[in-house]
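Notes follow once the structure below has been shown.
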């Protein structure tokens with residue numbers, strides 16, 4: 034699932050277990066399960082991302098899933114967005130370490146310090162990702178304006194994903210997000226599959242949002 038990005042993932046896990054804990058972007062109790070709960074959990078999301086896509090990762094934090102997607106899929110261009118200076122400095126550190134440690138071309142990664150809602154009209158991506166950032170209604174409001182026409186939101190969620198879709202379907206529609214569905218990634222590969230809510234943006238909805 035990580036393919037050529039496996040060596041980079043090893044470096045990322047090492048950094049998360051050391052500098053990541055020191056900087057407070059990952060809790061020390063998470064270190065024993067960095068691979069199973071975090072890195073592999075994020076890597077399988079790559080199967081939902083179209084080839085050559087621009088991906089904007091909202092609330093990137095420790096770089097999950099953004100940095101993992103960049104390692105797993107060198108064809109992607111990643112924009113890692115976080116509002117906290119501490120986490121942005123960690124992301125910049127991680128990108129620098131990975132570029133130096135992993136053979137091959139540098140990662141196609143850009144780090145942006147901002148709140149998602151501040152980026153409307155400034156950033157646009159084929160795919161917008163998030164993991165454990167906010168309830169689906171707030172996430173839709175923040176992220177939908179960042180999805181390019183015909184693009185999609187991929188929200189990594191837990192076992193409550195279906196309940197969230199049922200509860201916030203109207204909020205998704207108002208934000209211009211269509212056809213919400215709950216998907217699982219990593220079936221047959223992971224002991225615990227990754228649950229993702231996917232919703233699409235239609236070209237007409239995207240244009241209407243810009244006029245409003």
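Residue numbers (the numbering used here): 34 to 245. Where a beta carbon is used, it is the ideal one built from N, C-alpha and C, also for glycine.
Please classify residue i: does DSSP put it in a helix, a strand, or coil?
i, result
"residue 80", "helix"
"residue 167", "coil"
"residue 194", "helix"
"residue 113", "strand"
"residue 41", "helix"
Once you ignore the five residues that flank residue i on each side, which residues in its own chain have a CB closer than 6 Å to its CB?
i, result
"residue 110", "87, 141"
"residue 226", "217, 219, 220"
Rounded to whole angstroms, how far is the Cβ of residue i from the Cβ of residue j, which I believe are closer than 8 Å?
i, j, result
"residue 181", "residue 157", "5 Å"
"residue 10", "residue 78", "The displayed coordinates of the chain run from 34 to 245. Any statement about residue 10 would go beyond what the structure contains."
"residue 234", "residue 209", "6 Å"
"residue 100", "residue 127", "6 Å"
"residue 64", "residue 42", "No, residue 64 and residue 42 are not in contact; Cβ-Cβ is about 15 Å, not under 8 Å."
Here's a check: name, in chain order, each residue in its chain whose Cβ is nearer than 8 Å to the Cβ of residue i, leaving out the five neighbours to either side.
i, result
"residue 201", "168, 169, 170, 173"
Determine the closest residue to residue i out of the options, with distance taken between C-alpha atoms.
i, options, result
"residue 189", "119, 65, 92, 56", "92"
"residue 185", "232, 204, 155", "232"
"residue 195", "105, 183, 217, 160", "217"
"residue 117", "205, 95, 132, 204", "95"
"residue 89", "205, 113, 81, 105", "113"
For residue i, which beta-bridge partners are listed by DSSP?
i, result
"residue 35", "Looking at the DSSP assignment, residue 35 forms no beta bridge with any residue, so it has no partner."
"residue 216", "229"
Quick one: what's got a C-beta closer than 7 Å to residue i's C-beta in the same chain, skipping five residues either side?
i, result
"residue 121", "115, 144, 146"
"residue 176", "91, 149, 161, 163, 186"
"residue 215", "194, 195, 198, 228, 230"
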